[in-house]
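K.L.:
Mind looking over this structure? Questions follow.
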Amino acid sequence: MIIGILAISSCKTEPENPLNSMTEDLKKKEVIYQVFTRLFGNTNDTNKPWGTKYENGVGKFNDFTDKALREIKDLGVTYVWYTGVPHHDVITDYTEYGISNDDPDVVKGRAGSPYAVKDYYNVNPDLAVDPAKRLEEFESLIKRTHEAGLKLLIDIVPNHVARNYKSLSKPEGYSDFGENDDTSAEYKRDNNFYYIPGESFKVPQWENGYQPLGGEAHPLLDGMFDENPAKWTGNGSR
Numbered sequence: 015m016i017i018g019i020l021a022i023s024s025c026k027t028e029p030e031n032p033l034n035s036m037t038e039d040l041k042k043k044e045v046i047y048q049v050f051t052r053l054f055g056n057t058n059d060t061n062k063p064w065g066t067k068y069e070n071g072v073g074k075f076n077d078f079t080d081k082a083l084r085e086i087k088d089l090g091v092t093y094v095w096y097t098g099v100p101h102h103d104v105i106t107d108y109t110e111y112g113i114s115n116d117d118p119d120v121v122k123g124r125a126g127s128p129y130a131v132k133d134y135y136n137v138n139p140d141l142a143v144d145p146a147k148r149l150e151e152f153e154s155l156i157k158r159t160h161e162a163g164l165k166l167l168i169d170i171v172p173n174h175v176a177r178n179y180k181s182l183s184k185p186e187g188y189s190d191f192g193e194n195d196d197t198s199a200e201y202k203r204d205n206n207f208y209y210i211p212g213e214s215f216k217v218p219q220w221e222n223g224y225q226p227l228g229g230e231a232h233p234l235l236d237g238m239f240d241e242n243p244a245k246w247t248g249n250g251s252r
């Protein structure tokens, strides 16, 4: 009897660890890690309503260090999706870098919408340690990402741009969105936008006590925005 028990015990195998099986399955799939770039690495927890980037902090391209990317890779990730990279409207004064100020009357908050892009040929200056070298800092992030064995994605949504789209970085010979549009027509095949001929854009009447920037003064905050003729925004509003 004892011999029989020993024989059975010696033939018994350990149950397979389900985590090993899951890891093998992950190796066969692409795993995308989406990250709001301006939040990653920001350890400031002030969270002041309508606070500036200096008060509430903002993440930078440089916060994605070699170590951080290796640890993301170790999760089984194959792609990093950096959200909010293209240069979109923000309420921070970058005029010393040749960037025009954006109007709080048509910008969401201070950080802006990452899809209200004003220059598809450059990147968000908020995400750079040195805004003058913002493109170089992003290119360095691309290099670090690849060196970590990862691929990367960014958002490109060319039919959803800021009302004041104007590229400072476009290649020679290229035109801005709408630059060559016939604005006398509501629709034309070769136009980039739909227009409302004869009407100027009007800033909406805010409800429930809402005030842009929480009521803080700003040189462009006057309840108006110069756009004539008005464009259809693509979301059903004018």
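For what it's worth, the numbering used here labels the leading residue of the sequence shown as 15, then goes sequentially.
C-beta: ideal position from N, C-alpha, C; glycine also.
1) My output table needs one value for Thr60: the three-state DSSP class, helix, strand or coil.
2) Check for me: the beta strand (DSSP E) holding His102 runs from which residue to which?
3) Please name the residue, chosen from Tyr134, Trp246, Pro118 and Lys42, that lies closest to Pro226 on a Cα-to-Cα basis.
4) Can you tell me whether Leu155 is buried or exposed, with buried defined as 16 or more other CB within 10 angstroms of its CB?
5) Let me check one thing: in DSSP terms, what residues is Leu167 bridge-paired to?
6) Can you tell me which of Lys165, Asn56, Asn173 and Asn70 puts its alpha carbon nearest to the alpha carbon of Glu332?
7) Cβ atoms of Val120 and Tyr179: under 8 Å apart, would you say?
8) Between His232, Asp59 and Ala176, which has its C-alpha nearest Thr106's C-alpha?
9) Buried or exposed: which applies to Asp240, given that a residue is buried once 16 or more other Cβ atoms fall within 10 Å of its Cβ?
10) Tell me which same chain residues have a C-beta within less than 8 Å of the C-beta of Arg158, skipping the five on either side of it?
11) Using 10 angstroms around the beta-carbon of Ser23, count the other beta-carbons present and answer buried if the total reaches 16, otherwise exposed.
12) Return the CA-CA distance between Phe191 and Trp95, expressed in angstroms with no decimal places.
13) For Tyr208 versus Lys245, is the C-beta spacing smaller than 8 Å?
14) Let's test the definition: count the other Cβ atoms within 10 Å of the Cβ of Gly212 and tell me whether it reaches 16, buried, or not, exposed.
15) Three-state secondary structure (DSSP) at Asp144?
16) Using the three-state DSSP reduction, which class does Asn136 fall into: helix, strand or coil?
17) Do the CB positions of Gly126 and His102 come within less than 8 Å of each other?
18) Between Asn242 and chain B, is there a C-beta pair that is closer than 8 Å?
19) Pull up the distance between the alpha-carbon of Leu182 and that of Lys42, whole angstroms please.
20) Using DSSP bridges, identify the partner residues of Val121.
21) Using a threshold of 8 Å, state whether the C-beta atoms of Lys74 and Ala142 are closer than that.
P.N.:
In terms of the structure at hand:
1) coil
2) Pro100 to His102
3) Pro118
4) buried
5) Trp95
6) The displayed coordinates of the chain run from 15 to 252. Any statement about residue 332 would go beyond what the structure contains.
7) For Tyr179 and Val120, no; Cβs fall outside 8 Å.
8) His232
9) By the neighbour-count rule (16 or more Cβ atoms within 10 Å), Asp240 is not buried but exposed.
10) Phe78, Thr79, Asp80 and Leu83
11) Confidence in Ser23 is poor, its pLDDT being 46 and thus under 50, which makes the residue's placement too unreliable to answer from.
12) The straight-line gap from Cα to Cα measures roughly 25 Å.
13) yes
14) Note on Gly212: under 16 other CB atoms within 10 angstroms of its CB, so exposed under the neighbour-count rule.
15) coil
16) Taken through DSSP and simplified to helix, strand or coil, Asn136 comes out as strand.
17) yes
18) Although the question refers to chain B, the structure presented lacks it and comprises just one protein chain.
19) 42 Å
20) Partner(s): none; Val121 has no beta bridge.
21) yes
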